[in-house]
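Here is the structure we will look at.
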Amino acid sequence: MSHVVIPQRSVAIIGGGMSGTLAAIRLIRQARTPLLIRIFDPNPELGRGVAYGTADFSHRLNGPAKAFSLRPENPNHFADWLQVRANRSGWNDFDDKLLAFAPRWLYGDYIREELAEALNAAACGVELEHILARVDDIVQEQGRVRLRVDVQREFIADHVLLAPGVFKAQPGFAIAQSLLDDGRYLPDPWNPDALDKLKSVADVLLVGSSLTMIDAVVSLEARGYQGNYHVVSRRGLVPVGRNEAQAWPEFLTDVVAPVSVRSVLRAVRTQIDKANAAGEDWQRVVLAVRPHLSRLWHGASLAERQRFMRHVRAYWDMFLHRVPPPSANVFEAVRASGRLFLHTGTPTAVHGAGDGRLDVSVRLRGKSATTILRSDALINCTGFEYVWKRVNGQPLLARLLERGYVRPSELGLGIDADPQTLAVIGVDGNASEHISTMGLPLRGVLFESGTIAELLRQAVLLAPLLDAAGQYVVEEERDAA
Ligand SMILES: Cc1cc2nc3c(=O)[nH]c(=O)nc-3n(C[C@H](O)[C@H](O)[C@H](O)COP(=O)(O)OP(=O)(O)OC[C@H]3O[C@@H](n4cnc5c(N)ncnc54)[C@H](O)[C@@H]3O)c2cc1C
40 MSHVVIPQRS VAIIGGGMSG TLAAIRLIRQ ARTPLLIRIF DPNPELGRGV
90 AYGTADFSHR LNGPAKAFSL RPENPNHFAD WLQVRANRSG WNDFDDKLLA
140 FAPRWLYGDY IREELAEALN AAACGVELEH ILARVDDIVQ EQGRVRLRVD
190 VQREFIADHV LLAPGVFKAQ PGFAIAQSLL DDGRYLPDPW NPDALDKLKS
240 VADVLLVGSS LTMIDAVVSL EARGYQGNYH VVSRRGLVPV GRNEAQAWPE
290 FLTDVVAPVS VRSVLRAVRT QIDKANAAGE DWQRVVLAVR PHLSRLWHGA
340 SLAERQRFMR HVRAYWDMFL HRVPPPSANV FEAVRASGRL FLHTGTPTAV
390 HGAGDGRLDV SVRLRGKSAT TILRSDALIN CTGFEYVWKR VNGQPLLARL
440 LERGYVRPSE LGLGIDADPQ TLAVIGVDGN ASEHISTMGL PLRGVLFESG
490 TIAELLRQAV LLAPLLDAAG QYVVEEERDA A
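Residues in the sequence shown are numbered consecutively from 40, following this note's numbering.
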């Protein structure tokens with residue numbers, strides 16, 4: 040007589056931001072046999088990561104609540120949650136719940152409640168453990184994976200999901216060591232205590248002009264800051280405020296592989312001209328591009344993708360990742376007041392000035408001599424680093440590359456993976472049976488890899504692979520003689 044012994048299989052998720060947490064929710068809901076899910080993250084609150092860890096309620100989601108449901112079968116799920124929550128928490132800055140631009144912190148709460156709810160309904164033997172630690176190395180052995188955490192501890196898993204998210208880029212300018220621990224230099228633009236100390240200074244310099252810069256400006260305004268902002272950015276672009284608009288009628292269905300950047304741009308420009316001529320909002324045209332992005336990306340050659348990254352990406356990021364209206368209103372008011380100065384150029388060095396302020400050397404575009412901008416503080420709002428070998432202070436990434444378990448994507452951004460299964464591809468060119476990834480490491484493979492819709496899609500793709508981890512052992516059972 041034989042019977043099936045079902046041991047508890049185990050999945051290790053490295054990174055408990057939104058990606059790792061969504062994968063866990065999906066797995067918990069789907070698992071019907073014993074499964075131990077361990078999420079490794081030193082961050083004490085699963086689900087928040089970088090984006091939803093800011094407790095400043097002026098940092099909003101960049102889209103309306105109707106676009107943020109974590110239950111695809113119920114698109115209003117988040118808006119309904121928000122309504123109930125608003126009644127309880129007192130945050131009710133909306134007339135129509137579907138169009139609310141919620142604080143990112145509340146969205147983190149929502150993700151966490153979804154996790155708790157999934158756990159409450161979990162099948163027998165399906166468990167979640169949060170290991171409050173960073174994973175520094177993993178080793179594959181005998182069909183399983185050993186994870187090294189801290190100096191002493193090790194864990195074993197049948198399958199590992201890499202969801203380490205985003206890593207801050209190096210500043211790109213020289214800064215005196217003595218300034219690194221000085222309240223005048225803010226490497227973390229979301230640090231509330233550091234921002235508190237700036238509220239009565241006269242001049243703040245922000246390096247980078249993306250959505251992170253907007254976060255810093257709205258935070259300072261909320262604190263009553265009345266001084267000037269000097270924003271230094273390479274291209275001098277600032278993100279645009281989001282208008283609620285319907286997507287423009289389809290115009291890209293005829294653009295098929297092999298896709299060229301030039302042909303897409305030409306089509307987009309033609310439609311924007313038409314929209315402008317008709318007095319319509321040009322943002323409608325950008326919205327019509329989005330559903331095609333993945334298809335266009337996969338239909339383009341490596342050379343065309345490289346061309347896109349070199350010449351178009353910065354504009355695409357600015358136009359697509361738009362500023363939520365509450366933040367856009369604050370930012371526009373600051374600009375209208377004449378307190379914001381946009382400098383197109385590259386900061387090269389930061390020194391302490393004699394009067395206790397900072398001298399920031401900037402190479403302004405079109406000028407040969409270096410310009411010195413004097414300010415009371417510098418906030419580093421530069422973006423994220425997607426090239427793993429350039430990321431500092433993250434031993435796991437270096438180990439994974441050294442061991443050949445992963446290799447950079449063709450574009451060099453993030454790592455290579457099978458876009459259908461999200462299994463990582465190692466230096467041998469084979470898709471791993473034991474390591475998968477999701478979220479920002481897929482920047483090179485999928486390009487738009489971190490939006491809510493995309494992360495939900497990836498969690499669904501991953502679930503069968505993760506759930507299949509480990510083997511059901513069929514054992515022979517002998518009747519006692
Ligand atoms: C500031 C910001 C605002 C955003 N706003 C929006 C928005 O409004 N709307 C929208 O659709 N998208 C937004 N996004 C996109 C966002 O990237 C995704 O929505 C999502 O939050 C990405 O989550 P993640 O888990 O992949 O990464 P992260 O949030 O970076 O989380 C990764 C986690 O992994 C952990 N980790 C890393 N390495 C290790 C290790 N070796 N061991 C253990 N743990 C590790 C980190 O501690 C971290 O908690 C925003 C992104 C940012 C950065």
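C-beta atoms are modelled at their ideal positions from N, C-alpha and C, and glycine is treated no differently.
Per-residue burial, residue i [other beta carbons within 10 Å of its own, 16 or more giving buried]
| i | result |
| --- | --- |
| G54 | buried |
| G129 | exposed |
| P103 | buried |
| K136 | buried |
| D394 | exposed |
| L219 | exposed |
| A51 | buried |
| E180 | exposed |
| G489 | buried |
| A213 | exposed |
| I411 | exposed |
| Y425 | buried |
| R274 | exposed |
| S376 | exposed |
| A537 | Because the chain here runs from 40 to 520, residue 537 falls outside it and cannot be looked at. |
| G204 | buried |
| I177 | buried |
| A162 | exposed |
| Q47 | exposed |
| D467 | exposed |
| H382 | buried |
| P288 | exposed |
| D232 | exposed |
| S239 | exposed |
| D293 | exposed |
| N282 | exposed |
| N469 | exposed |
| D148 | buried |
Reduced DSSP category for residue i - H, G, I as helix; E, B as strand; rest coil
| i | result |
| --- | --- |
| T409 | coil |
| P503 | helix |
| E112 | coil |
| H360 | coil |
| F380 | strand |
| R124 | helix |
| A160 | coil |
| T490 | coil |
| L259 | helix |
| F194 | strand |
| N267 | strand |
| D254 | helix |
| F117 | helix |
| N431 | coil |
| G280 | strand |
| V246 | strand |
| S272 | strand |
| A367 | helix |
| A286 | coil |
| V373 | helix |
| A388 | strand |
| A139 | coil |
Run of the beta strand (DSSP E) containing residue i, from where it starts to where it stops
| i | result |
| --- | --- |
| I474 | 470-476 |
| H169 | 165-170 |
| D398 | 397-403 |
| H198 | 198-201 |
| A19 | Residue 19 falls outside the range modelled here, since the chain spans only 40 to 520, and no answer is possible. |
| A327 | Counting along the chain, A327 falls outside any beta strand (DSSP E), though it belongs to the alpha helix (DSSP H) covering 322-328. |
| L417 | 416-419 |
| V484 | Run containing V484: none in the beta strand (DSSP E); it sits in the alpha helix (DSSP H), 482-485. |
Residue range of the alpha helix (DSSP H) that includes residue i
| i | result |
| --- | --- |
| Y176 | Note that residue 176 is Asp in the sequence shown, not Tyr. Segment 174-180 is the beta strand (DSSP E) holding D176; no alpha helix (DSSP H) there. |
| A342 | 341-350 |
| A63 | 57-69 |
| L186 | First-last for L186: 183-188, but that is the beta strand (DSSP E), not the alpha helix (DSSP H). |
| A306 | 300-316 |
| A437 | 434-442 |
| V295 | Per DSSP, V295 belongs to no alpha helix (DSSP H) and is neither H nor E. |
| S448 | No alpha helix (DSSP H) holds S448; DSSP gives it neither H nor E. |
Cβ of residue i within 7 Å of any chain B Cβ
| i | result |
| --- | --- |
| L74 | The structure shown contains no chain B; it is built from a single protein chain. |
Threshold first: 4 residues or longer. Then list the alpha helix (DSSP H) segments lying entirely within the region 208-240, N to C. The region 208-240 contains these whole alpha helix (DSSP H) runs: 216-219, 231-235.
Going residue by residue through the region 68-105, where are the continuous beta strand (DSSP E) segments of at least 3 residues, counting only ones entirely within it? At a cut-off of 3 residues, the continuous stretches assigned as beta strand (DSSP E) that sit fully inside the region 68-105 are 74-79.
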